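Asker: Numbering follows numbering that gives the first Met the number 0, with no gaps: position 272 of the sequence shown is 271.
Note that the Cβ used here is the ideal one computed from N, Cα and C, for glycine as well.
From a predicted model like this one, the values you see are computed outputs, not experimental measurements.
The structure under discussion is supplied below as structure tokens; questions concerning it will follow.
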Amino acid sequence: MNPRTAATTLVTLTSAVTGAILGAVVQGLLESPTQIMLAALGLVSILTLTVISILTAREHAVDVAVNRLERQVTDLKEQSGMRVNLQHAEKIKRFTDLKDDPVTQLLLGAKRSILILDYISRTGEWPDEDINKDHMRKHHESVIKHVRASRPPIEYRRICQVEMDDTGQSSRMLLEPFERAQHTEAHDHYVAMLKLSQELVDSTMISIRVAAQRYPYKFIIVDGQSIVLSLQHFDQHRNLHLWSELIVEDAKAALLEVFMRIWRDLENRSIPFKHSESGDGAAAGQPTAGTAGLS
């Protein structure tokens, strides 16, 4: 990406996200200081990480951006009184024991619900693909065991946002990236969760759906109390990569409501993820519901 294109991308992204946040404030969607503070943090994080992707050759600029974000997290702790931690991808990549991974432990402590907003590129790539694959496999297996063994049963719901190009979208376009992502750790987990749903008395306790990307977030909400917000960055090929995770273990209700509104909006625009075990067609089969409201 040349400097002119990079600058245009940054300006476009800045305008779009700023417009969305200001629009939400004007419409009264962000009604409390906590909500607005979080929106601001999200905005600054996006800008910071976009700048990092553009200035990767300038180590000093990267260090400054990282330090700025860490200061913002400290400010968030002090102003909100919430327990907030930031862990970088380099640390996550070194995990070998699930007990050392706070996100895994948070999920294994779930008693009522796990909501996960995921992301896949239109070429079938996941932001966390470069994380230790053995660790991710053990992480996914432990979550499946926890959901299977939980009494009373807990809800496990996942929506995967799919990157779209400018040519429009259809249910078929939403499902194509999963064909390319067959046999990846994340895709295998999706399939395993669908199989688990068939074992449950109430199969609706597990839901995996896909929707066109509308928000620059990837997050997890556990028991309506804790949230994990993934901060990501674009590489030179515009592929998203996990950069760090912001973990809030006792989130304020107003803060959570911001992300629950995002969740409900996408849920209303989503279609079911389906897996074809026969192998004819896609890893994600045809949707069983109408496709109105996908945009």
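I'd like to know whether the C-beta atoms of P126 and H240 end up nearer to each other than 8 Å.
Answerer: By one-based count along the sequence shown, residue 126 stands at place 127. By one-based count along the sequence shown, residue 240 stands at place 241. A Cβ-Cβ contact shorter than 8 Å links P126 with H240.
Asker: Which ranges does the alpha helix (DSSP H) cover as unbroken runs of at least 4 residues, wholly within the region 134-182, from first to last along the chain?
Answerer: 170-179
Asker: Using the three-state DSSP reduction, which class does H274 fall into: helix, strand or coil?
Answerer: Here residue 274 corresponds to residue number 275 of the sequence shown, with the count starting at 1. Three-state DSSP puts H274 in coil, outside helix and strand.
Asker: Measuring CB to CB, does I207 end up less than 8 Å from R157?
Answerer: Within the sequence shown, numbered from 1, the residue matching residue 207 stands at position 208. Within the sequence shown, numbered from 1, the residue matching residue 157 stands at position 158. Closer than 8 Å, so yes.
Asker: Three Cβ pairs or more, each shorter than 8 Å: is that satisfied between the region 173-192 and the region 133-146?
Answerer: yes
Asker: Considering only C-alpha positions, which residue in the set A88, M81 and H274 is nearest to H182?
Answerer: Working through the sequence shown from its first residue, we reach residue 182 at position 183. Of the candidates A88, M81 and H274, the residue whose Cα lies closest to the Cα of H182 is H274.
Asker: What are the uninterrupted segments assigned as alpha helix (DSSP H) that are 4 or more residues long and contained completely in the region 76-131, given in chain order?
Answerer: The qualifying runs are 88-92 and 101-107.
Asker: Can we say the region 246-264 touches the region 209-228, given the rule of at least three CB pairs closer than 8 Å?
Answerer: yes
Asker: For the beta strand (DSSP E) holding K217, just list the boundary residues, first then last.
Answerer: Start at 1 with the first residue of the sequence shown, and residue 217 comes out as number 218. From DSSP, the beta strand (DSSP E) with K217 extends over K217 to V221.
Asker: I need the boundaries of the alpha helix (DSSP H) containing R263, first residue and last residue.
Answerer: Taking the first residue of the sequence shown as position 1, residue 263 is located at position 264. Segment A252 to N267, the alpha helix (DSSP H) holding R263.
Asker: Considering only C-alpha positions, which residue in the set K194, P215, E154 and F177 is nearest to S112?
Answerer: Taking the sequence shown and counting its residues from 1, the one referred to as residue 112 is at position 113. Comparing Cα-Cα distances from S112 to each of K194, P215, E154 and F177, the minimum goes to E154.
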